[in-house]
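Beneath this line is the structure, given in structure tokens, with notes to follow.
Residue numbers (the numbering used here): 234 to 590.
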């Protein structure tokens, strides 16, 4: 390595052996150089007229003795006295014209990210906090109770409770089919309710679904009626005790829950009866939707996956009422936030419904 390289490296490198920048004189005196060293550096620019040659003489005392702008790119030698150690650096730079507009490459693609909460979820920050809290409660309390319920009761008894809860909701389904002017389906709902309440022993057995009746159960509610007539879902909400819902679904669900006590009266006006029905419905829903809930919790973004699944499922159910779809099944592989979900251990016999709103 030549003396020139050693001197330049000693000045320009930030090595621990070098003193601070403000004491450059000491750094230069490490090497004895009797004459000036010129290090020309050529930077090719698009406009040569803007090139500047800067001659910087650094003396042993650390003073900068000469800084000369030039329109050439050639190095200018700097005289040195025997008592001085001088390094002359020539580094052409481009003059910055603040008034000149920056050149724009038309082939450049500028990508901008939309900031703020996701579309349809204006209070995402609050919802995510609620989601985390609810998941913690579910893991510590709700899921163990649901698993105990599932293991502790034989399947025929669980099916009977599930059927009875559905049968109690049939008057809500009937009313909303009438509001939607779907008279044929309203008549089918009356038939289902009558058969299951009598032959099916208060709804414990879903006799109407089997031969010779073949009257399948259809879910319906005021929120579905509002959606059927074009009322949008409104903001997405994740609420304690309810879970995923929207403003439209909350309003509809409150109206649905008040229908049975108002229409039937006792015993459904008794708060204890209403609370018991609500608890059983929640546990039943948790068992029915265990597979989808577990897979969502294992995804890379559980909150976003739950929101996407719920909104698409609800829209699918309304599209069925409008005749745009034959069923409300959702293919998880088509959902954006489901791509990180593990594969299901075994295919489900039926597509799980979202938790009741």
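Backbone N, C-alpha and C fix where the C-beta goes; we use that ideal spot for every residue, glycine too.
Just so you know, these numbers come straight off a predicted model, no measurement behind them.
Margin query: Just to confirm, is the Cβ distance from residue 368 to residue 531 under 9 angstroms?
Written below: Here the question's residue 368 lines up with position 135 in the chain shown. Here the question's residue 531 lines up with position 298 in the chain shown. No, the pair does not count as a contact, with Cβ atoms beyond the cut-off.
Checklist line | Proximal residues to residue 424 (C-beta, below 6 angstroms), its chain only, five neighbours per side dropped | finding: Stepping through the chain shown from its first residue, residue 424 is reached at position 191. Excluding positions up to five away in sequence, the list reads 448.
Margin query: Please classify residue 431 as buried or exposed, where buried requires at least 16 neighbouring CB atoms within 10 angstroms.
Written below: Working through the chain shown from its first residue, we reach residue 431 at position 198. By the 10 Å Cβ count, residue 431 comes out exposed.
Check: Counting Cβ pairs, one atom from each stretch, are 3 or more of them under 8 angstroms apart for the segment 395-407 and the segment 485-499?
Finding: Touching, per the Cβ criterion.
Check: What are the start and end residues of each continuous alpha helix (DSSP H) run of 4 or more residues lying completely inside the segment 394-463, in chain order?
Finding: If only uninterrupted alpha helix (DSSP H) runs of at least 4 residues are considered, those enclosed by the segment 394-463 are 403-412, 416-431, 455-461.
Notebook entry, point to check: Considering residue 527, what are the terminal residues of the beta strand (DSSP E) in which it resides?
Noted result: For this step, residue 527 is matched to residue 294 along the chain shown. Run containing residue 527: none in the beta strand (DSSP E); it sits in the alpha helix (DSSP H), 523-530.
Check: Among 558, 450, 527, 533, which residue has its Cα nearest to the Cα of residue 371?
Finding: Along the chain shown, read from residue 1 onward, the residue named residue 371 stands at position 138. Out of 558, 450, 527, 533, 527 has the C-alpha closest to the C-alpha of residue 371.
Next item on the list: Indicate the three-state DSSP secondary structure (helix, strand or coil) for residue 385 in the structure shown.
Entry: Here residue 385 is taken as the residue at index 152 of the chain shown, counted from 1. Three-state DSSP puts residue 385 in a helix.
Item checked: Three-state secondary structure (DSSP) of residue 554 -> Numbered from its first residue, the chain shown carries residue 554 at position 321. Three-state result, residue 554: helix.
Item checked: Residue environment, residue 460, which counts as buried when at least 16 other CB atoms sit within 10 Å -> Taking the first residue of the chain shown as position 1, residue 460 is located at position 227. Burial state of residue 460 is buried, judged by a 10 Å Cβ sphere holding 16 or more other Cβ atoms.
Item checked: Close Cβ partners of residue 395 (< 7 angstroms) along its chain, the five nearest in sequence each way excluded -> Taking the first residue of the chain shown as position 1, residue 395 is located at position 162. Hits under 7 angstroms: 517.
Checklist line | Buried versus exposed call for residue 525 [16 or more other C-beta atoms within 10 Å across all chains shown] | finding: Position 292 of the chain shown holds residue 525. Counting Cβ neighbours within 10 Å, residue 525 comes out buried, since at least 16 surround it.
Margin query: Please return the same chain residues whose Cβ sits closer than 7 angstroms to the Cβ of residue 555, not counting the five positions on each side in sequence.
Written below: Residue 555 sits at position 322 when you count from the first residue of the chain shown. Contacts found: 461.
Margin query: The beta strand (DSSP E) that contains residue 470, what's its start and end?
Written below: Counting from one through the chain shown, the residue named residue 470 turns up at place 237. That run of the beta strand (DSSP E) goes 469-472.
Margin query: Short of 6 angstroms in beta carbon distance, which residues of its chain neighbour residue 570, apart from the five on each side in sequence? Order them along the chain.
Written below: By one-based count along the chain shown, residue 570 stands at place 337. The answer, listed in chain order, is 534, 537, 538, 541.
Item checked: Which listed residue (455, 458, 453, 399) has its alpha carbon closest to that of residue 433 -> For this step, residue 433 is matched to residue 200 along the chain shown. It is 399 whose Cα lies nearest to the Cα of residue 433.
Notebook entry, point to check: What do you get for residue 397, buried or exposed, if any count of 16 or more other CB atoms within 10 angstroms of its CB means buried?
Noted result: To locate residue 397, count along the chain shown from 1; it is residue 164. Counting Cβ neighbours within 10 Å, residue 397 comes out buried, since at least 16 surround it.
Next item on the list: Along the alpha helix (DSSP H) that carries residue 485, what are the first and last residues, could you check?
Entry: To locate residue 485, count along the chain shown from 1; it is residue 252. That run of the alpha helix (DSSP H) goes 480-497.
Item checked: Assigned secondary structure, residue 511 (DSSP; H/G/I helix, E/B strand, else coil) -> By 1-based counting over the chain shown, the position of residue 511 is 278. Note: residue 511 maps to helix in three-state DSSP.
Item checked: Boundaries of the alpha helix (DSSP H) in which residue 361 is found, first to last residue -> The sequence position of residue 361 within the chain shown is 128, counting from 1. 357-370 is the span of the alpha helix (DSSP H), which, as asked, contains residue 361.
Next item on the list: Using 10 angstroms around the beta-carbon of residue 380, count the other beta-carbons present and answer buried if the total reaches 16, otherwise exposed.
Entry: Working through the chain shown from its first residue, we reach residue 380 at position 147. Result: exposed.
Next item on the list: Could you tell me which residues DSSP puts in a beta bridge with residue 476?
Entry: On the chain shown, position 243 is the one that residue 476 refers to. 472.
Next item on the list: Give me the Cα-Cα distance between residue 286 and residue 353, rounded to the nearest whole angstrom.
Entry: Along the chain shown, read from residue 1 onward, the residue named residue 286 stands at position 53. Along the chain shown, read from residue 1 onward, the residue named residue 353 stands at position 120. The predicted position of residue 286 is uncertain, since its pLDDT is 47 and thus under 50; a value taken from the coordinates is nonetheless stated next. Residue 286 and residue 353 have their alpha carbons spaced roughly 59 angstroms apart.
Next item on the list: Tell me whether residue 502 is buried or exposed, calling it buried when 16 or more other Cβ atoms sit within 10 Å of its Cβ.
Entry: Your numbering for residue 502 matches position 269 in the chain shown. It counts as exposed.
Notebook entry, point to check: With DSSP run on the structure shown, which of helix, strand or coil describes residue 284?
Noted result: The sequence position of residue 284 within the chain shown is 51, counting from 1. A caution first: residue 284 carries a pLDDT of 49, below 50, which makes its placement in the model unreliable, though a value can still be read off. Secondary structure of residue 284 (DSSP, three-state): strand.
Notebook entry, point to check: Is residue 390 helix, strand or coil when you go by DSSP?
Noted result: Counted from its first residue, the chain shown places residue 390 at position 157. Three-state result, residue 390: helix.
Next item on the list: Please state whether DSSP places residue 224 in a helix, a strand or coil.
Entry: With the chain covering only 234 through 590, there is no way to say anything about residue 224.
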